[in-house]
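Structure, as structure tokens:
Number of protein chains: 2
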Amino acid sequence: MRGVELTDRESTILQSVIEGYVREAKPVSSSAVVRVSSVSLSSATVRNVMRALEEKGLILQPHTSAGRIPTDLGYRYYVDNLVKPVGLTAGERKAIGSELAKLVHCDLATVLAGISHMVSEASREMAVAVAPSGGGQVIEQVALVAIGAGRIMAVVATDVGPTRTAVLTTDGTFRRAEVSRASDLLNKWLRGVTLSEASATIEKRLGEQDPAPGGWLGGLLDGVRVFLSPGGGERIHYEGARYIFRHPEFSTDAASLGEIFDSEETLAEVVRGPVKAAEVRVVIGAENICSGMTRMSLIAGTYRIGGVVGRMGVIGPTRMKYPRLIGLVGYFSKVLDDLLAE
Amino acid sequence: MRGVELTDRESTILQSVIEGYVREAKPVSSSAVVRVSSVSLSSATVRNVMRALEEKGLILQPHTSAGRIPTDLGYRYYVDNLVKPVGLTAGERKAIGSELAKLVHCDLATVLAGISHMVSEASREMAVAVAPSGGGQVIEQVALVAIGAGRIMAVVATDVGPTRTAVLTTDGTFRRAEVSRASDLLNKWLRGVTLSEASATIEKRLGEQDPAPGGWLGGLLDGVRVFLSPGGGERIHYEGARYIFRHPEFSTDAASLGEIFDSEETLAEVVRGPVKAAEVRVVIGAENICSGMTRMSLIAGTYRIGGVVGRMGVIGPTRMKYPRLIGLVGYFSKVLDDLLAE
DNA sequence: CTTAGCACTCTTATGAGGAGAGTGCTAAGG
DNA sequence: CCTTAGCACTCTCCTCATAAGAGTGCTAAG
Chain A
8 MRGVELTDRE STILQSVIEG YVREAKPVSS SAVVRVSSVS LSSATVRNVM
58 RALEEKGLIL QPHTSAGRIP TDLGYRYYVD NLVKPVGLTA GERKAIGSEL
108 AKLVHCDLAT VLAGISHMVS EASREMAVAV APSGGGQVIE QVALVAIGAG
158 RIMAVVATDV GPTRTAVLTT DGTFRRAEVS RASDLLNKWL RGVTLSEASA
208 TIEKRLGEQD PAPGGWLGGL LDGVRVFLSP GGGERIHYEG ARYIFRHPEF
258 STDAASLGEI FDSEETLAEV VRGPVKAAEV RVVIGAENIC SGMTRMSLIA
308 GTYRIGGVVG RMGVIGPTRM KYPRLIGLVG YFSKVLDDLL AE
Chain B
8 MRGVELTDRE STILQSVIEG YVREAKPVSS SAVVRVSSVS LSSATVRNVM
58 RALEEKGLIL QPHTSAGRIP TDLGYRYYVD NLVKPVGLTA GERKAIGSEL
108 AKLVHCDLAT VLAGISHMVS EASREMAVAV APSGGGQVIE QVALVAIGAG
158 RIMAVVATDV GPTRTAVLTT DGTFRRAEVS RASDLLNKWL RGVTLSEASA
208 TIEKRLGEQD PAPGGWLGGL LDGVRVFLSP GGGERIHYEG ARYIFRHPEF
258 STDAASLGEI FDSEETLAEV VRGPVKAAEV RVVIGAENIC SGMTRMSLIA
308 GTYRIGGVVG RMGVIGPTRM KYPRLIGLVG YFSKVLDDLL AE
């Protein structure tokens, strides 16, 4: 922000323009500034000041003989120099406190989901919360636990942040004792190493082994390396996408899309809607439950993992390439089913 | 679809109308049908058939003297009776196979993320994949493990589906032996119970205890009940939201929003962008890295968990209520920070 | 430096007119 | 009875012209 210096009067008028524009979403005229602002000046004087602000790049006219709207630079000056953050009212803080109390003993994912819900309610904007990304975390403990039927659970605890786990599958058979030995080995290799170094460390130590482990263990270690890669376990939570689409800067025909992206839960609900499908199921336009989907179609397939079914598919406008997409979803759901059947 | 019966010719023409509309995104005229369709009829005859289709509610005219577009019912008939799914080419199947091979040993979340990526690439539509929802799953094993500093890791393994874990925090102090005893107790109570019954079961058994456990254990069990509630651990993966917004049915000014919602990773990237923030940070319009955000602002705050920082905030158009929202984000990030500091 | 007054510009709304697209109808032909 | 050629009709879309309104830039006086 170096280089932009404003007089008090310029600041005041910039603030009036910005706050007027935020309120009305329309270019702000000099007379409108005179009306709302505390300065007692004529519109002609305000116009002179506005011209100075325009020359400094803080506001602009969409066209000659229109009012002014703020530029990014104008907002920047406003945020850096003029904004006084508004605290929450006592009532709001109290309400938030009691909501928050419910989250005290929950895990990070639940807390973040709750926070993004609360923020989006309070702000009437889309709220997001992301868990810390894990590149610099130091591994304290790694464990592999056989949980039967070719499935192995991997757990990694780091010095900070959430503990991460995953279930890995192997194609071969193994004995519990072998898994346990592999677990001890990994632990010896990785304790004190950061997550971002983990994959390279495994590769390096693997090369030093004689003989090199093969078969199910080799495959397993590939899975472990993906599992340990930074970013793999982090998660984003968001809520309130509908608020973005409701703003007048976006045309109303996109407003319905806001509902689809309103939160992860909404999206999951849309896809999970037609649960009793056998093969590939097509839900067209107004057949959808979600009101935001009345002009969209969903092509969904199912896959099984153990005894329960999951869903996958594509979402697009009703005007979509059904023959191709039905074939595609059918193929992928079968392939996924096979992959998870191992 | 009972009640709608079409002659062969009506079917053929319906198909031409739908496929023409899918291709061109414009109303299809009778002469256009004659041009592409194999039937050798005059446009006047086609018009007569179209009128019959319109009376049956399968197609409609946006206005008099325009071509026809399909209704939801038209698409429904088409999907149920006329679509022959198109298989993938050998080349596509091969490419998919080799991509898929990389996912063999990965956990479910990674597999689903990979699948939604592949489907969105292949379909040029938004792809989604959801893990099975867990209400009916039977609990095989529950474990609580103390991992130091008031933190306890909870793990639940069910007969099917992904194993779920969470880190719970307690406000009190405890001994490892106590945690271990609580773990055994939970296991005895819950083994064989479904996830959806778990919470009620804990409450019931808790009532039978004499004396009722209090202090840190009571709080912990509240956390466990939230953790075990069905749906808490499921997750959606999606990718390719940009494809929805690119379709001509939505106006171009919303197209940039597609990029923001393109995938969970994109959204996380946007929020994580300005990492070195001290307090609340405002990123305005073109200051954003993401090209889809040039007309949006991000107000982000940080929270600490252990030594690493996470981020939370709101996203909206540059025309937003900065004073209120900066105050709000500041308050919530502080409150979240405090909550996680325990 | 401020302001009143006024000419100028640009948007927006409205309506008219013409071209083009596509239909509905009718009457003739197979 | 079904099909089709021909034609009138309707509706959209584009352009142009006009008028009203909003808001500015400029200038000269206070």
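Each protein sequence line maps, in turn, to chains A and B. Numbered by the working numbering, the letters in the first sequence go through residues 8 to 349 in order. Numbered by the working numbering, the letters in the second sequence go through residues 8 to 349 in order. Ideal placement from N, C-alpha and C gives every residue a C-beta, glycine not left out. Computed from a predicted structure; not experimentally measured.
Residues near residue i in its chain [Cβ-Cβ closer than 8 Å; skip 5 each side]
{"i": "residue 337(B)", "result": "286, 287 and 308"}
{"i": "residue 190(B)", "result": "149, 150, 151 and 152"}
{"i": "residue 69(B)", "result": "34 and 76"}
{"i": "residue 208(B)", "result": "196, 197 and 200"}
Selection from the options that minimises the alpha carbon distance to residue i
{"i": "residue 173(A)", "options": "231(A), 196(A) and 131(A)", "result": "231(A)"}
{"i": "residue 200(A)", "options": "181(A), 190(A), 51(A) and 146(A)", "result": "146(A)"}
{"i": "residue 95(A)", "options": "321(A), 104(A) and 88(A)", "result": "104(A)"}
{"i": "residue 310(B)", "options": "343(B), 27(B) and 151(B)", "result": "343(B)"}
{"i": "residue 163(A)", "options": "185(A), 202(A) and 126(A)", "result": "202(A)"}
{"i": "residue 90(B)", "options": "329(A), 16(A) and 341(A)", "result": "329(A)"}
{"i": "residue 18(A)", "options": "39(A), 81(A) and 10(A)", "result": "81(A)"}
{"i": "residue 16(A)", "options": "60(A), 29(A) and 30(A)", "result": "60(A)"}
{"i": "residue 113(B)", "options": "159(A), 79(A) and 270(A)", "result": "159(A)"}
{"i": "residue 204(A)", "options": "191(A), 144(A) and 228(A)", "result": "144(A)"}
{"i": "residue 127(B)", "options": "39(B), 245(B) and 271(B)", "result": "245(B)"}
{"i": "residue 23(B)", "options": "70(B), 85(B) and 206(B)", "result": "85(B)"}
{"i": "residue 87(A)", "options": "123(A), 108(A), 12(A) and 182(A)", "result": "12(A)"}
{"i": "residue 278(A)", "options": "318(A), 40(A), 206(A) and 193(A)", "result": "318(A)"}
{"i": "residue 78(B)", "options": "29(B), 320(B) and 331(B)", "result": "29(B)"}
{"i": "residue 110(A)", "options": "209(A), 315(A) and 122(A)", "result": "122(A)"}
Whole-number beta carbon distance between residue j and residue i, since they are thought to touch under 8 Å
{"i": "residue 58(B)", "j": "residue 250(B)", "result": "Actually they do not touch by this definition, with Cβ atoms about 35 Å apart."}
{"i": "residue 135(B)", "j": "residue 243(B)", "result": "6 Å"}
{"i": "residue 333(B)", "j": "residue 92(A)", "result": "4 Å"}
{"i": "residue 255(B)", "j": "residue 32(B)", "result": "5 Å"}
{"i": "residue 44(B)", "j": "residue 20(B)", "result": "7 Å"}
Any C-beta of chain B under 7 Å from that of residue i
{"i": "residue 322(A)", "result": "yes"}
{"i": "residue 122(A)", "result": "yes"}
{"i": "residue 333(A)", "result": "yes"}
{"i": "residue 20(A)", "result": "no"}
{"i": "residue 338(A)", "result": "yes"}
{"i": "residue 297(A)", "result": "no"}
{"i": "residue 130(A)", "result": "yes"}
{"i": "residue 61(A)", "result": "no"}
{"i": "residue 344(A)", "result": "no"}
{"i": "residue 70(A)", "result": "no"}
Continuous beta strand (DSSP E) stretch holding residue i: start and end
{"i": "residue 35(A)", "result": "No beta strand (DSSP E) holds residue 35(A); DSSP gives it neither H nor E."}
{"i": "residue 212(B)", "result": "Here residue 212(B) belongs to no beta strand (DSSP E); instead the alpha helix (DSSP H) covers 202-215."}
{"i": "residue 310(B)", "result": "303-312"}
{"i": "residue 112(A)", "result": "Element bounds for residue 112(A): n/a, residue is neither H nor E."}
{"i": "residue 90(A)", "result": "Neither: residue 90(A) is in no beta strand (DSSP E) and is coded neither H nor E."}
{"i": "residue 318(B)", "result": "315-324"}
{"i": "residue 291(A)", "result": "288-291"}
{"i": "residue 133(B)", "result": "133-137"}
Cβ-based neighbour list, residue i, same chain, cut-off 7 Å, excluding 5 preceding and 5 following
{"i": "residue 239(A)", "result": "Bear in mind that the predicted position of residue 239(A) carries a pLDDT of just 48, short of 50, making it too unreliable to give a figure here."}
{"i": "residue 323(A)", "result": "303 and 304"}
{"i": "residue 262(B)", "result": "252 and 253"}
{"i": "residue 212(A)", "result": "196"}
{"i": "residue 281(A)", "result": "288, 290 and 307"}
{"i": "residue 325(A)", "result": "291, 292, 302, 303 and 304"}
{"i": "residue 264(A)", "result": "252 and 299"}
Continuous alpha helix (DSSP H) stretch holding residue i: start and end
{"i": "residue 330(A)", "result": "329-348"}
{"i": "residue 30(B)", "result": "15-31"}
{"i": "residue 57(B)", "result": "50-62"}
{"i": "residue 265(A)", "result": "262-267"}
{"i": "residue 276(B)", "result": "271-279"}
{"i": "residue 248(B)", "result": "248-253"}
{"i": "residue 83(B)", "result": "79-84"}
Nonlocal neighbours in the same chain, by C-beta distance under 6 Å from residue i, ignoring five residues either side
{"i": "residue 74(B)", "result": "34, 35 and 36"}
{"i": "residue 270(B)", "result": "246"}
is_contact[residue i, chain A] using C-beta, thresh 7 Å
{"i": "residue 243(B)", "result": "yes"}
{"i": "residue 319(B)", "result": "yes"}
{"i": "residue 4(B)", "result": "Since the first and last residues shown for chain B are 8 and 349, residue 4(B) lies out of range."}
{"i": "residue 256(B)", "result": "yes"}
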